[in-house]
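Every letter in the sequence shown is one number past the one before it in our numbering, and letter 35, counting from 1, is 35.
Glycine is no exception: its CB is placed at the ideal position from the N, C-alpha and C atoms.
Computed from a prediction, not measured in an experiment: that's the story for all the values here.
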Amino acid sequence: MEALKWVAAGAAAGAAVALANQVGFGQSMQGISAAIVFFAVLNMMSGQK
């Protein structure tokens, strides 16, 4: 389960970086914020188990 969490985190980070590269720096901050929120939710979910 731990490995799966890191795979999901890596995929989310990769998607955020790809999105940031596509839309440019102004909107990339939104993508970074979304990734941070995603990681926070992921941490909370893994902490509850």
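- For the pair Ala3 and Leu42, the CB atoms are not nearer than the 8 Å cut-off.
- Straight across, the Cα-Cα distance linking Ala13 with Val7 is about 10 Å.
- One Cα belongs to Ala35, the other to Ala16, and the distance between them is close to 6 Å.
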